[in-house]
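One structure is given here, and the rest of the page talks about it.
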Amino acid sequence: MNKIYPEDVLNPGELPNTTDVPQFDEVPPKQLPKPLSDFKQYVDSKFCYFSKPIDQAELISTEPKIAYQCRMKILVEKRSVHTDVAPHPWHTETVLGSSSLGRFFESTERSGEAIGNIWSDYQVNIPDGEKFHRTLTLTNSIYHTRCSNCRAKRYVPCTSCTKGLTYDKQICYNCKGAGQLICKRCKGLGGFRHTPKLTVKWSTRSSTFFYQNSFLHKKRIRKGQRTAFWSTRRVPWSKSSSIEDCVQSINEEVPDIPLQTYIVRDYTEKHLNPMRNKNNAMRRFECFIERMGFEEVHYTMGENYSNKRDSKLEHTFRFCQYPGPKGQNSIYENDYPLNCCGCFGEKVACYSSCCTIL
Ligand SMILES: [Zn+2]
Ligand SMILES: [Zn+2]
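Okay, here's the thing in structure tokens:
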């Protein structure tokens, strides 16, 4: 048996005023918490980003984070010896009054002091600057050699004639009849002076490292507003100096950034190991650490949006708010789900990992 319902007669006066009912598409924007309203402003400023879902975003957390920029500079010294050779008078010894015999018996080299060890036997003060070179003449080690071309006779026989006359008994044009010519090699001086010169060159090997407990891009740390945190300048310094002792006075603010360990590791890997077997020396070590405090913000925009950059985060997204250039509040994110084609509307907007603009 069917139950019969009585007809409901509607009184228009009792019906709600439909113009007051909000349309589905026109949910009034919520009052967003400050980090999210800043974020919305950032997304709105980006070409191709689609910002509407942020109106419904929920703030999950805001955590303080730290980033450090560490600049390391090492003054590297290289030493080398080269010898300048210049013609120089050679006085032949005489034996029994004869220079011919003297020439036969004399040593062809008159030596100076041995140069010795170029690293340990010569003290050279290091410069204050970062790039410099200095050349020292090792005067005690100057030595002389006899010219092997003329054997210190200063003249060599003319090869175009015999005793100044050509085969047809004409005066030789080449030696003008002298039958000999000045030795070109020693310029008629009979020998050479060898002057050893020690060249010391300094250059700076520098590198920059970034440490943080968040995901801020290093370019952002570089551009952000940092404050001095720790610095050192160690002179003298060598490859056997203890980096561990040097970094002991660094105050580690948070356990997840073990600054001392990081600096020891990077110094060893990036500076000490590549230089260890090279013929050079470390003379000065400088390290400047700067700090930047910032916030990492986590938010969600509901089940409809999943993190495509890092699936472990599921429906959570994140961004950093840091003091940017000139101290202005800046935002860095790399996972906003609608960062591509948003200018074509909601249906086309999507995530693209390459659209994160730095
Ligand atoms: Zn000569
Ligand atoms: Zn000649």
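Sequential numbering from 1 applies to the sequence shown in the UniProt record's numbering.
All C-beta atoms in this analysis are idealised placements derived from N, C-alpha and C, irrespective of residue type, glycine included.
query, result
"Return the CA-CA distance between Ala349 and Tyr68, expressed in angstroms with no decimal places.", "35 Å"
"Beta-carbon within less than 7 Å of Gly293's beta-carbon, same chain only, minus the 5 sequence neighbours each way: which residues are those?", "Pro64 and Ile66"
"Which runs of the alpha helix (DSSP H) spanning at least 4 residues fall entirely within the stretch 116-200, listed in chain order?", "none"
"Thinking C-alpha only, which one of Gly345, Lys187 and His194 is nearest Thr139?", "His194"
"Distance check for Leu272 and Phe132, CA to CA, integer angstroms please.", "21 Å"
"Excluding the 5 residues preceding and the 5 following Trp230 in the sequence, name in chain order all residues of the same chain whose CB lies nearer than 6 Å to its CB.", "Ile250 and Ile289"
"Going by other Cβ atoms of all chains shown within 10 Å of its Cβ, with 16 needed for buried, is Ser120 buried or exposed?", "exposed"
"Count the other CB atoms within 10 Å of the CB of Ile74; is the residue buried (16 or more) or exposed (fewer)?", "buried"
"Drop a sphere of 10 angstroms on the beta-carbon of Tyr42, count the other beta-carbons inside from all chains shown, and report buried for 16 or more, exposed for fewer.", "buried"
"Taking Cβ to Cβ, would you say Ser141 is nearer than 8 Å to Pro89?", "no"
"The alpha helix (DSSP H) spanning Val43 covers which residue range?", "Lys34 to Asp44"
"Note down the Cα distance separating Ser61 from Phe215, rounded to an integer number of angstroms.", "15 Å"
"Could you check if Ser160 belongs to the surroundings of ligand 2, using beta carbon to heavy atom distance under 7 Å?", "yes"
"My understanding is that Gly224 touches Gln56, with C-beta atoms under 8 Å, so please give their C-beta distance in whole angstroms.", "So it is not a contact: roughly 30 Å between Cβ atoms."
"On the criterion of 16 or more Cβ atoms from any shown chain inside 10 Å, does Pro35 qualify as buried, or is it exposed?", "buried"
"What first and last residue would you give for the beta strand (DSSP E) that runs through Gly102?", "First-last for Gly102: Ser99 to Phe105, but that is the alpha helix (DSSP H), not the beta strand (DSSP E)."
"Evaluate residue 361 with the Cβ neighbour count: other Cβ atoms within 10 Å of its Cβ, from every protein chain shown; 16 or more gives buried, anything less gives exposed.", "For residue 361 there is no data in the structure shown, the boundaries of the chain being 1 and 358."
"Out of Pro33, Thr208 and Cys183, which one is the CA nearest neighbour of Lys219?", "Thr208"
"Heavy atom of ligand 3 less than 7 Å from the Cβ of Cys150, yes or no?", "Ligand 3 is absent from the structure shown, which contains only ligand 1 and ligand 2."
"Shortest alpha-carbon distance to Gly191 belongs to which of Ser107, Asp168, Asp128 and Val124?", "Ser107"
"With which residues is Ser61 paired in a DSSP beta bridge?", "His298"
"In whole angstroms, give me the CA-to-CA distance for Gly129 and Pro255.", "37 Å"
"Looking at the secondary structure, which residues open and close the beta strand (DSSP E) in which Cys246 lies?", "First-last for Cys246: Ile243 to Cys246, but that is the alpha helix (DSSP H), not the beta strand (DSSP E)."
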